[in-house]
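Visitor: Once you've had a glance at the structure underneath, I'll fire off some questions.
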Ligand SMILES: [Zn+2]
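Residue numbers (the working numbering): 92 to 526.
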């Protein structure tokens, strides 16, 4: 074994052992032989024996939290480290061990269980289905549908009727065939004008235009809680499908099969659990890039003061986006994160806040648990599985679930927190093209 080879100043290839002996010889010449090196004692370059050596910053260890003085030779341009180590003083580098100790100080503050107004709760639950249908009808009546002039052939399906039927289907969790009697009842109660055939309903669910309409409905349905929400949380979760993806696994040398899923990225209010904006992607998409559209959509309609998200969203870009939207980010830092600004002032400010007052920071951050509650509410009430096979319909299915969840939250807030804003006064008439 020859070991690593390097070039000496004379152009000869010398082994490491030889280089070390040269270094020892140089030390001897400088009168330093056998003495442990300190910062002051490096006066001779170990590569070229030059005396033109200057200090050039520190080499810092992330793990031990110690730093060593670095020296540079002005003649050959090579760097050397001093042997003496000292602890890192600045906050820019907190050793991993110390970071863990700092964060261990956090104690979860037991929150008093809020008193349930059982009377209001019972009323909200008993009225839920009726109120949900009423609100849906009211919301849909605010939409103006433009039909293209001079269209020949088959008529367009009634968008309002179809949307209502799909909301009823999602709420009751019935299959499209078994839904028929419920729809006939809805027709008798004048919610819809005509009961559609079940295949028409399923075909309608596939339409990409429906996605835009449902996105809009989710947004409008969240508006009435504007006054009582100020803290928001972001997260993503998958809804499993009935399809299986196959891929060849090089690690195990065989083909793997796994159920595919669709990911819903949501931003929700932490008080009422209402969803303010949604983004839908394939299951293998990352979470972090979708923070921007979620925050932008919510901030146009709501007064957002705090946004909390998990470590998956911890990046300088995301801190900047939240800060520029006028809110305070509460995102924890990864263990290898550094305080360096790199163009983001808010990042280093929050970093300092995070390690100086972990109790305070994490108490705000733990409002994020509400977004998990939100997903749990949606999945328990309207099912975690998707029945359709087309990606468009799967997205629409998730949006319908979220829309129904929003209405349920709204009804509960109406009875428990007496919200008194109505859609007809809040929202402008929405104009869409028939599809
Ligand atoms: Zn040198």
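Note that the Cβ used here is the ideal one computed from N, Cα and C, for glycine as well.
I want to know whether the region 278 to 288 touches the region 237 to 246 - three or more CB-CB distances under 8 Å.
Guide: When C-beta atoms of the region 278 to 288 are compared with those of the region 237 to 246, fewer than three pairs fall below 8 Å, so the two segments do not count as touching.
Visitor: Take residue 379 and list the residues in its own chain whose beta-carbon comes closer than 7 Å to its own, dropping the five residues that flank it on each side.
Guide: As a working note, residue 379 is residue 288 in the chain shown. Excluding positions up to five away in sequence, the list reads 403, 404, 406, 409.
Visitor: CA-CA distance, residue 151 and residue 342?
Guide: Within the chain shown, numbered from 1, the residue matching residue 151 stands at position 60. Within the chain shown, numbered from 1, the residue matching residue 342 stands at position 251. Cα to Cα, residue 151 sits roughly 36 Å from residue 342.
Visitor: Out of curiosity, what's the CA-to-CA distance linking residue 264 and residue 485?
Guide: Position 173 of the chain shown holds residue 264. Position 394 of the chain shown holds residue 485. Each residue's alpha carbon lies about 15 Å from the other.
Visitor: Please classify residue 478: does DSSP put it in a helix, a strand, or coil?
Guide: Residue numbering aside, residue 478 sits at position 387 when the chain shown is read from its first letter. Coil, per DSSP.
Visitor: If contact is defined by three or more beta carbon pairs under 8 Å, each pair taking one atom from either stretch, is the region 427 to 440 in contact with the region 345 to 364?
Guide: no
Visitor: Ignoring anything shorter than 4 residues or poking outside the region 403 to 430, list the alpha helix (DSSP H) runs there in chain order.
Guide: 407 to 415
Visitor: Indicate whether the contact test is met: 3 or more Cβ pairs, each with one atom in the region 164 to 176 and one in the region 134 to 145, closer than 8 Å.
Guide: yes
Visitor: Per DSSP, what kind of secondary structure is residue 440 in: helix, strand or coil?
Guide: As a working note, residue 440 is residue 349 in the chain shown. In this structure, residue 440 counts as helix in the three-state DSSP scheme.
Visitor: Taking C-beta to C-beta, are residue 422 and residue 439 nearer than 8 Å?
Guide: Position 331 of the chain shown, counting from 1, holds the residue named residue 422. Position 348 of the chain shown, counting from 1, holds the residue named residue 439. Judged by beta-carbon spacing, residue 439 lies beyond the 8 Å limit of residue 422, meaning their Cβ atoms are not closer than that value.
Visitor: Which of the three DSSP states is assigned to residue 373 in this structure?
Guide: Taking the chain shown and counting its residues from 1, the one referred to as residue 373 is at position 282. In this structure, residue 373 counts as strand in the three-state DSSP scheme.
Visitor: Could you round the C-beta distance between residue 325 and residue 385 to whole angstroms and report it? I think they count as a contact, below 8 Å.
Guide: The residue labelled residue 325 in the question sits at position 234 within the chain shown. The residue labelled residue 385 in the question sits at position 294 within the chain shown. Right, the Cβ-Cβ distance comes to about 6 Å (below 8 Å), so this counts as a contact.
Visitor: In three-state DSSP terms, what is residue 523?
Guide: Walking along the chain shown from the start, residue 523 turns up at place 432. In the structure shown, residue 523 sits in a strand (DSSP, three-state: E or B).
Visitor: Just reading off the beta strand (DSSP E) that residue 335 is part of, what are its end residues?
Guide: The count along the chain shown starts at 1 and reaches residue 335 at position 244. Segment 322 to 340, the beta strand (DSSP E) holding residue 335.
Visitor: For ligand 1, is there a heavy atom less than 7 Å away from the beta-carbon of residue 169?
Guide: Taking the chain shown and counting its residues from 1, the one referred to as residue 169 is at position 78. In this structure, residue 169 has its CB closer than 7 Å to one or more heavy atoms of ligand 1.
Visitor: Could you tell me whether the Cβ atoms of residue 420 and residue 193 are closer together than 8 Å?
Guide: Start at 1 with the first residue of the chain shown, and residue 420 comes out as number 329. Start at 1 with the first residue of the chain shown, and residue 193 comes out as number 102. Cβ atoms of residue 420 and residue 193: not closer than 8 Å.
Visitor: Thinking C-beta only, is residue 262 closer than 8 Å to residue 228?
Guide: Counted from its first residue, the chain shown places residue 228 at position 137. Counted from its first residue, the chain shown places residue 262 at position 171. No, Cβ-Cβ distance for residue 228 and residue 262 is not below 8 Å.
Visitor: Quick one: is the Cβ of residue 378 within less than 7 Å of any heavy atom of ligand 2?
Guide: Because ligand 2 does not appear in the structure shown, any question about it cannot be addressed here, the ligands present being ligand 1.
Visitor: Do the region 268 to 278 and the region 206 to 221 make contact, defined as three or more Cβ pairs closer than 8 Å?
Guide: Segments in contact, no.
Visitor: Is the region 387 to 394 in contact with the region 496 to 507, if contact means three or more CB pairs nearer than 8 Å?
Guide: no
Visitor: Mapping the DSSP letters down to three states, classify residue 215 as helix, strand or coil.
Guide: Along the chain shown, read from residue 1 onward, the residue named residue 215 stands at position 124. If DSSP states are grouped into helix, strand and coil, residue 215 belongs with the helices.
Visitor: Alpha carbon to alpha carbon, what distance is there between residue 382 and residue 375?
Guide: Numbered from 1 along the chain shown, position 284 holds the residue referred to as residue 375. Numbered from 1 along the chain shown, position 291 holds the residue referred to as residue 382. One C-alpha to the other measures close to 16 Å.
Visitor: Thinking just about the alpha-carbon of each residue, which of 415, 495, 488, 240 is nearest to the one in residue 298?
Guide: Residue 298 sits at position 207 when you count from the first residue of the chain shown. When only C-alpha atoms are compared, the closest one is 488.
Visitor: Start and end of the alpha helix (DSSP H) containing residue 451?
Guide: Here residue 451 refers to the residue found at position 360 of the chain shown. Residues 449 to 456.
Visitor: Flag residue 571 as yes when its Cβ comes closer than 7 Å to any non-hydrogen atom of ligand 1, and as no otherwise.
Guide: Beyond the ends of the chain as shown, which are 92 and 526, falls residue 571; an answer cannot be given.
Visitor: Tell me which residues share the same chain as residue 301 and place their Cβ nearer than 6 Å to its Cβ, disregarding the 5 neighbours each side in the sequence.
Guide: Numbered from 1 along the chain shown, position 210 holds the residue referred to as residue 301. The residues are 487.
Visitor: Per the DSSP calculation, residue 170 is bridged to which residue(s)?
Guide: Position 79 of the chain shown, counting from 1, holds the residue named residue 170. Paired residue(s): 163.
Visitor: In angstroms, rounded to a whole number, what distance separates the CA positions of residue 315 and residue 157?
Guide: Taking the chain shown and counting its residues from 1, one reaches residue 315 at position 224. Taking the chain shown and counting its residues from 1, one reaches residue 157 at position 66. Rounded to whole angstroms, residue 315 and residue 157 show a C-alpha spacing of 55 Å.
Visitor: Residue 524: buried (16+ other C-beta within 10 angstroms of its C-beta) or exposed?
Guide: Mapped onto the chain shown, residue 524 falls at position 433. Label assigned to residue 524: exposed.
Visitor: With distances taken from CA atoms, which of 498, 225, 310 is nearest residue 370?
Guide: Stepping through the chain shown from its first residue, residue 370 is reached at position 279. Checking every option, the nearest Cα to that of residue 370 belongs to 310.
Visitor: So, with DSSP's three-state summary, where would you put residue 141?
Guide: Counted from its first residue, the chain shown places residue 141 at position 50. Of the three classes helix, strand and coil, the one that applies to residue 141 here is coil, per DSSP.
Visitor: For the 8 Å Cβ check, are there 3 or more pairs between the region 325 to 341 and the region 463 to 483?
Guide: yes
Visitor: Apart from the five residues just before and just after residue 149, which ones in its own chain have a Cβ nearer than 7 Å to its Cβ?
Guide: The residue given as residue 149 occupies position 58 in the chain shown. Counting only residues of its own chain and dropping the five nearest sequence neighbours on each side, residue 149 has a CB closer than 7 Å to the CB of 158, 159, 160, 161.
Visitor: How would you label residue 338, buried or exposed, when you count the other beta carbons within 10 angstroms and need 16 or more for buried?
Guide: For the purposes of this step, residue 338 is taken as the residue at position 247 of the chain shown. Exposed: under 16 other Cβ atoms inside 10 Å.
Visitor: Taking 7 Å as the cut-off, is the C-beta of residue 142 nearer than that to any heavy atom in ligand 1?
Guide: Within the chain shown, the letter at position 51 stands for residue 142. No - ligand 1 has no heavy atom lying nearer than 7 Å to the Cβ of residue 142.
Visitor: Quick one: is the Cβ of residue 139 within less than 7 Å of any heavy atom of ligand 1?
Guide: Counted from its first residue, the chain shown places residue 139 at position 48. True, at least one ligand heavy atom lies under 7 Å from that Cβ.
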